[in-house]
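S.K.: The sequence shown begins at 1 in my numbering and counts up by one.
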Amino acid sequence: MTTRRCTQAPTGAAASAAASHRDSIPVLETARLRLRAPTLHDLPAWTRIFADWPSEPMDAEAAWTEFSYYTAGWLLHGHGLWAVETRNGTLVGFTHVGLEWDDEEPELGWMLLPEHHGQGYATEAAAAARDFALGLLPSCVSYIDPENRPSSAVAQRLGAQRDAAAEAHIFAAEGAAIEVWRHGGAA
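1) So, helix, strand or coil for W64, using DSSP?
2) From the DSSP output, in three-state form, read off R130 for me.
3) Please determine, among D103, E115, C6, L28, the residue with the shortest C-alpha to C-alpha distance to E61.
4) Could you spell out the range, first to last residue, of the beta strand (DSSP E) harbouring G93?
5) With the cut-off set at 7 Å, would you say G185 and P138 are in Cβ contact?
6) Sorted by chain position, which residues of the same chain lie with C-beta nearer than 7 Å to L112's C-beta, five sequence neighbours on each side aside?
7) Hey, would you say V180 sits closer than 7 Å to V141, going by beta carbons?
8) Where does L113 sit, in a helix, a strand or coil, going by DSSP?
9) Hey, W46 and A63: beta-carbon distance below 7 Å or not?
10) Report the option in E100, A129, L33, A172 whose CA atom is closest to the CA atom of E66.
11) Report, in whole angstroms, the separation of the C-beta atoms of R87 and R34, which I expect to be a contact under 8 Å.
12) May I ask you to report which of helix, strand or coil DSSP gives L81?
Structure below.
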């Protein structure tokens, strides 16, 4: 497979500029984790996660596009994607506060590499991202496929509450059954 130019890390002055921009993204630390700005070095892990995404597997191009717009959220909305790593630097996955095309309000999301499931990393990282988000926004939501019981459990551990009105609105608009878990106050 050919490596696309857009997925290659910059060099020289462009690398310095990219690093300077990343420095403006807040680094969040928890007991075991560090949430930091994503880099192109994280893209293969993102692509691997979404290649097997249960609701909508993505090819490399679609994964690149999604990685790009979540990262762009920092410039556009003041929140976005973090790479999540252990304190020793092992990348375990990602968390974000972001907006997709059809989202009516900011979404708190988490996605981990399969080998890091079941270790509490999703809850720990998402709690830090949620706390950051609620410092900026009155609330955020997590949109979860009803069959994704592990993610629903994370939302519950975070103290989120199901929002029946938002679920009904999405079903009426899109015909899709989706769980909407609210973090913080009302929309």
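Heads up, the beta-carbon is just placed ideally off N, CA and C, and yes, glycines get one too. Owing to the predicted nature of the structure, the values given are computational and were not obtained by experimental measurement.
M.R.: Taking the definition as stated:
1) Three-state result, W64: helix.
2) Three-state result, R130: helix.
3) C6
4) 91-98
5) yes
6) V92, G93, Y121, A122
7) yes
8) coil
9) yes
10) E100
11) At roughly 6 Å, the Cβ-Cβ gap stays under 8 Å, so R87 and R34 are in contact.
12) strand
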